[in-house]
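These notes are about the structure you will find just below.
Protein chains in written order, with the numbering used here: chain A, 1 to 189; chain B, 1001 to 1189.
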């Protein structure tokens, strides 16, 4: 129950961090043990000791970073009590970063890699499923009339809009915010 | 004004078709002149004569196929007069194909390639922009109260949902249809 990171944990985190930063720079397939070892300042043998294969390392790095990207921004937004205000804050938070944010490049590199890696696909799918469930429960608790359509539509639209904004950095989130906020308005509004 | 395809047009189409079918199979970077020539049954010199560089060929093939994928299905749906019915038909049409449809794999290969190819990025962005405008005008003509939020939200949600369904083939489009149809309901409904 000692919370201080052990030297082992520190090295493992450094390796994962190095891999996550390399994916958007050199592409999924370009993340090799040699490059990760160089960036993390360790030797390649240490990588295999801490995280197994390079394929496993790419998966751990990518899924961890994707979850953090979404959960941090969405968690911040859900401190609002009003669902429409939360949806607006979520969209503004996700669109605040540069449209060519390395975290978004990492997300799309991972999605393409997932076509050829069933375990990666299952892990990203599970992460999206938890996000939908989280939004559903949060909307249901706050009396949103149709929490499931709202959660599914918002999750899909977030992903699609981030992708479209990477193609077109000037894309304005305002109409999307208006569209999605309408889904969580109370029936009486 | 002779509508019969000339032998030149036929060869160019065969080359583009071969490139489009190769992208999802071997990945963006794996589409080489040699592979395209083999599949199209031409020699590599013919490719350069008809479409210029291999980079240009990949772009023409990808953008053409992406447009056809969306425009065919959306065009079919917009023969409905009722906006909610059209949105439902659009979603069912786009989700009817196998979730690992080669056309979807091609779409995501292209999106990742677009991060490293400004011309490809601009062409896909322009194509999405035309789709938003088309939906906007169609909704506006049919008296949808907020045609811009509806068009932007539906375009984003379509892209995001197709992507999520590739990760999770069992994802049910019904809640998304309910969410998006609500955006195009008439105020009085």
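Every residue gets a Cβ at the ideal spot worked out from N, C-alpha and C, and that includes glycine.
Is there at least one Cβ from chain B nearer than 8 angstroms to residue 179/A's Cβ?
-> yes
Beta-carbon contacts of residue 1144/B that lie in its chain and below 6 angstroms, excluding the five residues immediately before and after | 1083, 1150, 1184
Counting pairs of Cβ atoms below 8 angstroms between the segment 79-98 of chain A and the segment 114-124 of chain A, do you hit three or more?
-> no
Check distances from the C-beta atoms of the segment 1099-1118 of chain B to those of chain A and list, in chain order, the residues that come in under 7 angstroms.
-> When C-beta distances to chain A are compared with 7 angstroms, the residues of the segment 1099-1118 of chain B below that value are 1105, 1108, 1109, 1111, 1112, 1114, 1115, in chain order.
Given that a residue counts as buried once 16 or more other Cβ atoms are within 10 Å of its Cβ, and exposed if not, what is residue 26/A?
-> exposed
Is it buried or exposed for residue 68/A, if we count other Cβ within 10 angstroms and need 16 for buried?
-> Counting other Cβ atoms within 10 Å of its Cβ, residue 68/A stays below 16 and is therefore classed as exposed.
Coil, strand or helix - residue 14/A by DSSP = Here residue 14/A sits in helix by DSSP.
The alpha helix (DSSP H) spanning residue 1068/B covers which residue range?
-> 1054-1077
How would you label residue 153/A, buried or exposed, when you count the other beta carbons within 10 angstroms and need 16 or more for buried?
-> Burial check for residue 153/A: the Cβ neighbour count within 10 Å reaches 16 or more, so the residue is buried.
Do we get a CB-CB distance below 8 angstroms when we pair residue 69/A with the residues of chain B?
-> no
Quick one: using the 10 Å Cβ neighbour count with 16 as the cut-off for buried, is residue 1164/B buried or exposed?
-> buried
Same chain only: Cβ atoms within 8 angstroms of residue 108/A, ignoring 5 sequence neighbours per side | Within the same chain, residue 108/A has close Cβ partners 163, 166.
Hey, is the segment 1030-1041 of chain B in contact with the segment 1052-1067 of chain B, meaning 3+ C-beta pairs nearer than 8 angstroms?
-> yes
Cβ-based burial, residue 190/A [other Cβ within 10 Å; buried from 16] = Any answer about residue 190/A is impossible in this case: the structure gives chain A only from 1 up to 189.
Excluding five sequence neighbours on each side, which residues of the same chain lie with their C-beta closer than 7 angstroms to the C-beta of residue 1040/B?
-> 1014, 1015, 1018
State the start and end residues of the unbroken alpha helix (DSSP H) segment that holds residue 134/A.
-> Element bounds for residue 134/A: 118-141.
Alpha carbon to alpha carbon, how far is residue 188/A from residue 78/A?
-> Low per-residue confidence applies at residue 188/A: pLDDT is 47, beneath 50, and the placement is therefore not dependable enough to give any value.
Indicate the three-state DSSP secondary structure (helix, strand or coil) for residue 179/A in the structure shown.
-> helix
Report the three-state DSSP secondary structure of residue 1109/B (helix, strand or coil).
-> Note: residue 1109/B maps to helix in three-state DSSP.
Is it true that the CB of residue 1157/B sits closer than 8 angstroms to the CB of residue 1171/B?
-> no
For the segment 151-162 of chain A, which residues have a beta carbon sitting closer than 9 angstroms to at least one beta carbon of chain B?
-> 151, 152, 153, 154, 155, 156, 157, 158, 159, 160, 161, 162
Pick helix, strand or coil for residue 1004/B, following the three-state DSSP scheme.
-> For residue 1004/B, the pLDDT reaches just 48, beneath the cut-off of 50, and the residue's location in the model is therefore unreliable, although a value from the coordinates is still provided. Three-state DSSP puts residue 1004/B in coil, outside helix and strand.
Would you identify the three-state DSSP class for residue 1155/B, choosing helix, strand or coil?
-> Helix at residue 1155/B.
Residues near residue 1113/B by beta carbon distance below 7 angstroms, same chain, minus five either side = 1028, 1120
Alpha-carbon spacing of residue 147/A relative to residue 1050/B, whole angstroms | 53 angstroms
Can you give the Cα-Cα distance for residue 141/A and residue 81/A, rounded to whole angstroms?
-> 11 angstroms
Report all residues from its chain with a CB closer than 6 angstroms to the CB of residue 1137/B; omit the five preceding and five following residues, and keep chain order.
-> none
Proximity test, Cβ basis, 8 angstroms: residue 82/A and chain B = no
Would DSSP call residue 88/A helix, strand or coil?
-> helix
Residue 21/A: which of 44/A, 63/A, 43/A, 46/A sits nearest, CA to CA?
-> 63/A
Taking residue 1093/B as the reference, give the member of 1010/B, 1023/B, 1161/B with the closest Cα.
-> Ranking the options by Cα distance to residue 1093/B, first place goes to 1161/B.
Length of the line joining the Cα atoms of residue 12/A and residue 59/A | 14 angstroms
Exposed unless 16 or more other CB atoms sit within 10 angstroms - verdict on residue 1159/B = buried
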